[in-house]
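For what it's worth, this note's numbering labels the leading residue of the sequence shown as 74, then goes sequentially.
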Amino acid sequence: DNYVLGYGSALADTYFHGYLEIVLPDDGTKCMKGIVCRIKHYKLDWQLPDEAFPVHKLFLLVTSSGFSPPNLSEFKSDGRIEMRGCLTEEPVKDRSGVKGRIYKSTVYKVFSEDKKRHVFVVMEGAAALRPFYESAKSNPDLKAFFPKIVETFIKHLQRKLDESAECRNKCEIIYCDESEDFILPDEIFKRIKKYVKTYPP
């Protein structure tokens, strides 16, 4: 059990320090704008009203299997999610032998069930779990421990986010149990309603 817990925590630490700590904060330089600032610039570029992009966070999808497709409009979307390009002014950082590595963040347009309303969100899958998904397909032992690894990953990552003044309230973790009847657009609207009390149900 300690081994499994350590695995999930290590994954969360790596993902936080190796990615989220880069894309979420604003370090005050031109090449390292934070997620909130880049969302505001996207809204200006596309002349979107505040209600069209109501939550300035990264929505992070964590699935029970660790799998998430490159285009999240193809994942439990009920045909109600469209990819709408990337945020501008992507963070650029010299890292691990790569000069000027660019970190992109994808914008999605999400429709309500009746398709009369829509919102824009920045969203992606938890890339740190994808290698485990691939490994678990041929490793029954790893597959058996995977639910606990994912649970620990989420708890530890949320704690890291909450403890960081630069990253706090800038990332919303959405967990999807793939064995249940989960519809991603419905969950997104539910989260938005939580933050924007005046938003219609």
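For every residue, glycine included, the Cβ atom is placed at its ideal position computed from N, Cα and C.
{"Asked": "Which term fits proline 220, buried or exposed, when burial requires 16 or more other beta carbons within 10 angstroms of its beta carbon?", "Found": "exposed"}
{"Asked": "Consult DSSP for valine 171 and reduce its assignment to one of helix, strand or coil.", "Found": "strand"}
{"Asked": "Is it buried or exposed for proline 98, if we count other Cβ within 10 angstroms and need 16 for buried?", "Found": "buried"}
{"Asked": "Thinking C-beta only, is valine 194 closer than 8 angstroms to phenylalanine 132?", "Found": "yes"}
{"Asked": "For a test of the three-state rule: what should DSSP assign to proline 274, helix, strand or coil?", "Found": "Residue confidence is low: proline 274 scores 49 on pLDDT, short of 50, so the model does not pin down where it sits. Its coordinate-derived value is still stated next. Correct three-state label for proline 274: coil."}
{"Asked": "Quick one, which of Arg111, Ile108 and Val135 has its alpha-carbon nearest leucine 230's?", "Found": "Val135"}
{"Asked": "Is DSSP giving histidine 191 helix, strand or coil here?", "Found": "strand"}
{"Asked": "By DSSP, does phenylalanine 89 sit in helix, in strand, or in coil?", "Found": "helix"}
{"Asked": "At what residues does the beta strand (DSSP E) containing isoleucine 154 begin and finish?", "Found": "154-159"}
{"Asked": "Is the beta carbon of serine 165 less than 8 angstroms from the beta carbon of arginine 174?", "Found": "The sequence as given places valine at residue 165; serine does not occur at that position. Result yes, Cβ atoms of valine 165 and arginine 174 sit closer than 8 angstroms."}
{"Asked": "Quick check: what's the CA-CA separation for lysine 243 versus alanine 209?", "Found": "31 angstroms"}
{"Asked": "I need the DSSP call for lysine 228, collapsed to helix, strand or coil.", "Found": "helix"}
{"Asked": "For leucine 97, report the span of its alpha helix (DSSP H) as first-last.", "Found": "That residue, leucine 97, is in no alpha helix (DSSP H); it is neither H nor E in DSSP."}
{"Asked": "Between aspartate 118 and glutamate 239, what straight-line distance do the alpha-carbon atoms span, to the nearest angstrom?", "Found": "25 angstroms"}
{"Asked": "Consider the C-beta atom of lysine 177 and the heavy atoms of the ligand SAM; say whether any pair is separated by less than 7 angstroms.", "Found": "Absence of the ligand SAM from the depicted structure is noted, as is the absence of any ligand whatsoever, leaving it without description."}
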